[in-house]
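Colleague:
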Amino acid sequence: MSHLRLNLLTGRWVTMVAHRAERPTDFRPRSPQVETDSTRPCPFCPEQQHDVPAVLEHRGPDGLWHQRIIANLYPAFDGDEPFAVHHHGPVHIEAAASGIHEVFISSRDHTAPPEGRTPDDAIATADLLRTRLLQHAELPNLRYTQAIINHGREAGASLAHPHGQLLALPFVPGEILDEQRAFGRFEGGCVLCATVEAESVDGTRIVLANDEVVVVSPYWAGTPYELLIIPRAHAAHLPDSTDESLHAVAVGLQDAVGTLRHRHGDVAYNAVLHTAPHAYVGSYHWHIHLFPKLISTAGFERGTGVMINIVTPETAAGELRQALVSQ
Ligand SMILES: [Zn+2]
Ligand SMILES: [Zn+2]
Ligand SMILES: [Zn+2]
Numbered sequence: 163m164s165h166l167r168l169n170l171l172t173g174r175w176v177t178m179v180a181h182r183a184e185r186p187t188d189f190r191p192r193s194p195q196v197e198t199d200s201t202r203p204c205p206f207c208p209e210q211q212h213d214v215p216a217v218l219e220h221r222g223p224d225g226l227w228h229q230r231i232i233a234n235l236y237p238a239f240d241g242d243e244p245f246a247v248h249h250h251g252p253v254h255i256e257a258a259a260s261g262i263h264e265v266f267i268s269s270r271d272h273t274a275p276p277e278g279r280t281p282d283d284a285i286a287t288a289d290l291l292r293t294r295l296l297q298h299a300e301l302p303n304l305r306y307t308q309a310i311i312n313h314g315r316e317a318g319a320s321l322a323h324p325h326g327q328l329l330a331l332p333f334v335p336g337e338i339l340d341e342q343r344a345f346g347r348f349e350g351g352c353v354l355c356a357t358v359e360a361e362s363v364d365g366t367r368i369v370l371a372n373d374e375v376v377v378v379s380p381y382w383a384g385t386p387y388e389l390l391i392i393p394r395a396h397a398a399h400l401p402d403s404t405d406e407s408l409h410a411v412a413v414g415l416q417d418a419v420g421t422l423r424h425r426h427g428d429v430a431y432n433a434v435l436h437t438a439p440h441a442y443v444g445s446y447h448w449h450i451h452l453f454p455k456l457i458s459t460a461g462f463e464r465g466t467g468v469m470i471n472i473v474t475p476e477t478a479a480g481e482l483r484q485a486l487v488s489q
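Residue numbering for the sequence shown follows the working numbering, starting at 163 and increasing by one per position.
1) Suppose only complete runs of 4+ residues qualify. What are the alpha helix (DSSP H) ranges in the segment 403-486, listed by chain order?
2) Find the nearest neighbour of His228 within the set Thr357, Ala284, Asp213, judged by alpha-carbon distance.
3) What residues are listed by DSSP as bridge partners for Phe266?
4) State the beta-bridge partners of Thr177 as determined by DSSP.
5) With three or more C-beta pairs closer than 8 Å as the rule, is the segment 426-435 touching the segment 302-311?
6) Could you check whether the Cβ of Phe266 sits closer than 7 Å to any heavy atom belonging to ligand 1?
7) Buried or exposed for Arg174, going by 16 or more other Cβ atoms inside 10 Å?
8) I need the straight-line Cα distance from Leu301 to Val247, nearest angstrom please.
9) Kindly indicate which three-state DSSP category Gln210 falls into: helix, strand or coil?
10) Would you decide whether Gly278 is buried or exposed? Buried here means 16 or more other CB atoms lie within 10 Å of its CB.
11) Are Ala233 and Glu243 touching if we call contact CB-CB under 8 Å?
12) Output the distance between the C-alpha atoms of Asp385 and Asp224, rounded to the nearest integer angstrom.
13) Mark Gly421 as exposed unless 16 or more other C-beta atoms lie within 10 angstroms of its C-beta, in which case mark it buried.
14) The beta strand (DSSP E) that contains Ala309, what's its start and end?
15) Need the endpoints of the alpha helix (DSSP H) that Leu561 sits in, please.
16) Are the beta-carbon atoms of Leu235 and Pro203 separated by less than 8 Å?
17) As a quick exercise: from Pro454, Ile262, Glu219, Thr459, pick the residue whose alpha carbon is nearest that of Asp289.
18) Would you decide whether Asp479 is buried or exposed? Buried here means 16 or more other CB atoms lie within 10 Å of its CB.
19) Val377 lies in the beta strand (DSSP E); which residues open and close that run?
20) If you reduce the DSSP assignment to three classes, tell me which class Arg394 lands in.
21) Strictly by DSSP, which residues pair up with Leu218?
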């Protein structure tokens, strides 16, 4: 059973998930690609009929689904216990890691990329995520849901089948609290609406843009080729967006990954959805961060939180625009 421990030096929660160490692939020697173990059938392939966790949502006809969401067999967050902090002496503070941990499978095709092979894959997956986000928001004790895609061994993926994860948490995590504060202290309206406007005028950091979405290499990018996918229409919560806006962002992510792949090959990456916490009513503008795993962070970054980026966002965006036209 997982539990949370408070890091008193940072004020951030750490999740202790003992049973994850037993997962067969976690501590294998590192190789850049996720290897397929031929002795074990892929648990996410449609042919797999045994030990399939509960199917929570699906797209496409029953038995012939195109995308689906299933429970995670190794949940890091589980149960509906209310969030209660227990002090065991002055420095040992813990809480139950209650919540939900789900897997979204973006294609039945084992060899498709995790962001889906076609725009229809990306759009259907985004619709499924919206459905689950709305359901999570209705449940008591859940404060925030994090959607992620990890692609490639270097980015933390352990299975090759195209998939991502949804983790519903009983607290609002530190990264989101930091962003909430940033939206709160920005004086010129919304930080990301202002970013879209300023970057559109400047143009040097824009990778692609249309009526609904802007993909930009942010001015403050901390890692090479880091990208931000921003819906033009202001909405704090992803489910508040129109279909047009949501679908354009889904396809924008897919295009952004495609461009990176064209420039750098099958690069490992993390895609991270940031949407306002479920009951949050303050200023926020949902977005997706795309972090290609081209370098590893080292001692200075760990020690200070100050990133050193060896490729300026202007260079990165220029190269990716070039890759886009030669695709
Ligand atoms: Zn598979
Ligand atoms: Zn905005
Ligand atoms: Zn963010």
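All C-beta atoms in this analysis are idealised placements derived from N, C-alpha and C, irrespective of residue type, glycine included.
Modeller: This is what the structure gives:
1) 405-426, 461-466
2) What you label residue 228 is simply residue 66 of the sequence shown in a count that begins at 1. Measuring from the Cα of His228, the nearest candidate turns out to be Ala284.
3) On the sequence shown, position 104 is the one that residue 266 refers to. Paired residues: Ile231, Gly326.
4) Here residue 177 is taken as the residue at index 15 of the sequence shown, counted from 1. The partner list for Thr177 (beta bridge, DSSP) reads Leu166.
5) yes
6) By one-based count along the sequence shown, residue 266 stands at place 104. Because no heavy atom of ligand 1 lies under 7 Å away, the Cβ of Phe266 does not count as near it: no.
7) For this step, residue 174 is matched to residue 12 along the sequence shown. It counts as exposed.
8) If you number the sequence shown from 1, residue 301 lands on position 139. If you number the sequence shown from 1, residue 247 lands on position 85. Spanning the two alpha carbons is a distance of roughly 20 Å.
9) For the purposes of this step, residue 210 is taken as the residue at position 48 of the sequence shown. In the structure shown, Gln210 sits in coil (DSSP, three-state: anything other than H, G, I, E or B).
10) Translated into positions along the sequence shown, residue 278 becomes position 116. Buried is the call here.
11) As a working note, residue 233 is residue 71 in the sequence shown. As a working note, residue 243 is residue 81 in the sequence shown. No, these two residues do not count as a Cβ contact at 8 Å.
12) Walking along the sequence shown from the start, residue 385 turns up at place 223. Walking along the sequence shown from the start, residue 224 turns up at place 62. A quick correction: the sequence has Thr, not Asp, at residue 385. Going by the C-alpha atoms only, they are around 42 Å apart.
13) Taking the first residue of the sequence shown as position 1, residue 421 is located at position 259. For the record, residue 421 in the displayed sequence is Thr; it is not Gly. Classification of Thr421: buried, given that the 10 Å Cβ count is 16 or more.
14) On the sequence shown, residue 309 is found 147 positions in, with the first residue counted as 1. From DSSP, the beta strand (DSSP E) with Ala309 extends over 306-313.
15) A question about residue 561 goes unanswered here, because the residues of the chain that appear run from 163 up to 489.
16) Here residue 235 corresponds to residue number 73 of the sequence shown, with the count starting at 1. Here residue 203 corresponds to residue number 41 of the sequence shown, with the count starting at 1. Contact flag unset, no.
17) The count along the sequence shown starts at 1 and reaches residue 289 at position 127. Ranking Pro454, Ile262, Glu219, Thr459 by Cα distance to Asp289 puts Glu219 first.
18) As a first step, residue 479 is located in the sequence shown; it is residue number 317 there, counting from the start. Inspection of the sequence shows that residue 479 is occupied by Ala rather than by Asp. Label assigned to Ala479: buried.
19) Counting from one through the sequence shown, the residue named residue 377 turns up at place 215. It spans 375-378 - the beta strand (DSSP E) in which Val377 sits, taken as one unbroken run.
20) Your numbering for residue 394 matches position 232 in the sequence shown. Note: Arg394 maps to coil in three-state DSSP.
21) Locating residue 218 in the sequence shown gives position 56, counting from the first residue. Answer is none; Leu218 lacks a bridge partner.
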